[in-house]
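Undergrad:
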Amino acid sequence: MIKKITLLFTIVLVIASCDKKFNDIGAEVLPTNPFVGKRAYYPVVVKHALVDVVQTNNIGLMQLGEREDKLFGNTAAAIVSQLNLSQYAPNFGAYSAQREIDSSFNELETVNDVWLEIPFFTNQNDADRDGLIDIYDIDDTDPNSDSDGDGVNDINEQINGTDPTNPDTDGDGILDGEDSETVNPNPDKKLYELDSLFGDQNASFDVEINKLNYFLRQLDPNQNFEQGQIYYSDFSPSLHKDQLLASERISLDFSEIVKDDADNLSPRIRIPLNKQIFQQLILDKEGDLELANSNNWRDFFRSISIETSNFSSPLLMLLDTNSMVIRINYNYISKVADSDPVENVELTDEFLINTLGSIRFNTLAKTTTANSELNDIISTNTPAQIALSGGLATIVDIQLFEDNDVLEDLKDKPWLLNEANLTFHLDKQVVGAYGHTLPDRLYVYNSNTLAPIIDFAQDAVATSNLAKVVYGGFLIEEEEGDKQYYKVRITNYLRNIIINDSINSPLRVALTNVLPNQTQVIMAKVNNSNVAKIPTGTVATPKSGVFVGPNPSNPELSNLKLQLEIFYTEIN
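Residues are numbered in our numbering as their position in the sequence shown, beginning at 1, plus a constant of 22.
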């Protein structure tokens, strides 16, 4: 009892000696009798901002295709990229160009096929480890399930080397469970689940690939070559087209690519390119200065553009452009060793052009106008709703305590601040009407300093597969209340305003998918006087959401409106 009284006296003394009456002392160390736990709400002011032009050369994930959004309007995404030779000063065939001259033997290197390949993002998640990935597994919690119904469970199909998705692996008319002589014709076959495709995966569309005469610089000459060059989403490839490399109508094939002489390739976009152009620009340049080093090459073959159009139905793809490659398959003539008389044989080889370490960026352009309802949402000073989007994005600024007298009054209250939250409830009716795909999280940061609003509490959502140590804002779904919301704790931010007289800067909110833990979030520069930067994850997230604003017009949503929620302990 003496210890408790001493502790209480110490706490009261500390409170009395402070200018501010908010304190960081946790409620769990306080005696219960002299204190009453309460909750208070304060209104916030929301202001929307549109992002029409944004930096795209550091966003990581590249978009290609057409994004459909019935509220924000449709967006077309194209790719512009440098290319690198997998080997500089290359030899095609067995001899160098000089050796061919010296020996008077022409290997006659000739292009067979040229393909541009961009892999899809895929996974092979197998929860029960039965050899069959979850998307094809009839029960991904039970390795003894029989997904193809052939009488052999999935785990034994893996052991036997048969196909768990085909009841008759060898196609002889006898089910695997009854066939004693089954031989798998494709034992190396792998199955994949595709990630990051938005829209109709069965859509057909036109692809056009052009060689550009535009040189992509690493450093900005206007910044004395001391800062990286910024490439924006409004870049126009049509102004810089040099040679047409491909023009094809395609639809996607999600099967792995089987190669006779090498490992199979994961599912990917695969577009045939003009063989004659690559014969002239690559194989016929063997030994020339254009292929001698990276500087010469990048000045010679400056960049390419990849554009899509005429979709049968909208489809946007996030693609693994880090693994993008141009694959040149060619034949050449070789002498048969120790043959007498001399014999020649035709051999096949492959040369790769890749994108490792190259500059790549997206162009983004609106192809349809936004719905008039969007203007109604973002133009008012007292919004009933909040509209957030990725890509050519919409972000919002939230001002706490627009009335400074309210803030000063709050500072004078005898409260211990326990927690402060902003909770963004989805307007489910609107989200459903527009068919929005929801982001994994919201990201909140200081609009002036760009510093993230840090949440030191661990996230308690057990269903989330995203680790959260610093940043808040996960999507939370309540089964009983049928609510969906994102809660962001701003406790430390508010304490700094109350206790340390920190500047009450607007908080900026942007949607995104995955953010790194305990690392700085990479930001993209915005060509907008009102917005300095937004997270690169927002640029690369083709998702949208409409939330209940601070002034809902629907009375049924009044208890879900956006407001500052404060949990505090008051000293009697």
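Beta carbons: idealized from backbone N, C-alpha and C, even for Gly. Quick caveat: nothing in here was measured; it's all calculated off a predicted structure.
Measuring CB to CB, does Gly95 end up less than 9 Å from Leu337?
TA: no
Undergrad: If I follow the unbroken alpha helix (DSSP H) through Tyr354, where does it start and stop?
TA: Counting along the chain, Tyr354 falls outside any alpha helix (DSSP H), though it belongs to the beta strand (DSSP E) covering 347-357.
Undergrad: Name the DSSP beta bridge partners of Val67, please?
TA: Gln421
Undergrad: How is the alpha helix (DSSP H) around Leu448 delimited, first residue to last?
TA: Note, Leu448: premise wrong, no alpha helix (DSSP H); not H, not E.
Undergrad: List in chain order: all unbroken alpha helix (DSSP H) runs of 4+ residues lying wholly within the segment 337-416.
TA: Listed in chain order, the alpha helix (DSSP H) runs fully inside the segment 337-416 are 394-401, counting runs of at least 4 residues.
Undergrad: Suppose only complete runs of 4+ residues qualify. What are the alpha helix (DSSP H) ranges in the segment 163-237, listed by chain order?
TA: 176-182
Undergrad: Lys263 by DSSP, collapsed to three states: which one?
TA: Three-state result, Lys263: strand.
Undergrad: CA-CA distance, Ala406 and Val548?
TA: Using only the alpha carbons, I get a separation of about 26 Å.
Undergrad: Can you tell me the Cα-Cα spacing of Thr471 and Ala442, whole angstroms?
TA: 21 Å
Undergrad: Give me, in chain order, the residues of the same chain whose beta-carbon lies closer than 6 Å to that of Ile348; leave out the 5 immediate sequence neighbours on both sides.
TA: The answer, listed in chain order, is Leu138, Ile375.
Undergrad: Alpha carbon to alpha carbon, what distance is there between Ala62 and Ile520?
TA: 15 Å
Undergrad: For Ser580, name the three-state secondary structure that DSSP assigns.
TA: In the structure shown, Ser580 sits in a helix (DSSP, three-state: H, G or I).
Undergrad: Quick one: measure Cβ to Cβ for Ile475 and Arg290, integer angstroms, because I've assumed they're closer than 8 Å.
TA: Actually they are not in contact, since the Cβ atoms of Ile475 and Arg290 sit about 39 Å apart, beyond 8 Å.
Undergrad: Mind reading off the beta-carbon distance from Gly457 to Lys92? Whole number of angstroms is fine, and I expect it under 8 Å.
TA: 7 Å
Undergrad: Can you name, in chain order, every residue of its own chain whose Cβ lies under 6 Å from the Cβ of Thr54, other than the five neighbours on each side?
TA: Note that Thr54 has pLDDT 46, beneath the 50 cutoff, so the model's placement of it is unreliable and the number below is only indicative. Same-chain partners within the cutoff: there are none.
Undergrad: One question on the structure: do Gly567 and Leu533 come within less than 9 Å of each other, judged by their Cβ atoms?
TA: yes
Undergrad: Rounded to the nearest angstrom, what separates Glu308 and Gly221 at their Cα positions?
TA: 44 Å
Undergrad: Could you pull the start and end residues of the alpha helix (DSSP H) that Arg121 belongs to?
TA: It spans 119-125 - the alpha helix (DSSP H) in which Arg121 sits, taken as one unbroken run.
Undergrad: Can you list the alpha helix (DSSP H) stretches of 4 or more residues lying completely in the segment 530-576, in chain order?
TA: 558-561
Undergrad: For Asn208 and Asp190, what's the separation of their Cα atoms in angstroms?
TA: 13 Å
Undergrad: Pull up the DSSP beta-bridge partners for Pro474, would you.
TA: Tyr467
Undergrad: What is the DSSP secondary structure of Thr144, reduced to helix, strand or coil?
TA: strand
Undergrad: Give a yes or no on contact between the segment 500-516 and the segment 201-218, applying the rule of three or more CB pairs nearer than 8 Å.
TA: The way I'd put it, the segment 500-516 doesn't touch the segment 201-218; fewer than three beta-carbon pairs between them come closer than 8 Å.
Undergrad: Mapping DSSP to helix, strand and coil, what is Gln302?
TA: helix
Undergrad: Answer yes or no: do Pro65 and Pro461 have a C-beta to C-beta separation smaller than 9 Å?
TA: no
Undergrad: Looking at the secondary structure, which residues open and close the alpha helix (DSSP H) in which Leu432 lies?
TA: 426-433
Undergrad: What residue range is occupied by the uninterrupted beta strand (DSSP E) comprising Ile328?
TA: 325-331
Undergrad: What does DSSP give as the partner residue(s) for Ala268 in the beta ladder?
TA: Ile231
Undergrad: Buried or exposed: Glu248, going by 16 or more other Cβ atoms within 10 Å of its Cβ?
TA: exposed
Undergrad: Could you please give the first and the last residue of the uninterrupted beta strand (DSSP E) stretch that includes Thr513?
TA: No beta strand (DSSP E) contains Thr513, which is instead part of the alpha helix (DSSP H) from 513-522.
Undergrad: Tell whether a beta-carbon distance below 9 Å holds between Gly239 and Gln251.
TA: A quick correction: the sequence has Arg, not Gly, at residue 239. It is a contact, given that the beta carbons lie within the stated cut-off.
Undergrad: Report the rounded CA-to-CA distance for Glu50 versus Leu378, giving the unit in angstroms.
TA: Because the pLDDT at Glu50 is just 45, under 50, the model does not fix this residue reliably, and the point stays unresolved.
Undergrad: Between which two residues does the alpha helix (DSSP H) harbouring Ser316 extend?
TA: 316-322
Undergrad: Where do the N-terminal and C-terminal ends of the beta strand (DSSP E) with Ile94 fall, by residue?
TA: One detail in the question is off: residue 94 reads as Phe in this sequence, not Ile. Segment: none, Phe94 is in no beta strand (DSSP E) and carries neither H nor E.
Undergrad: Once you ignore the five residues that flank Met545 on each side, which residues in its own chain have a CB closer than 7 Å to its CB?
TA: Leu472, Lys555, Ile556, Pro557, Thr558
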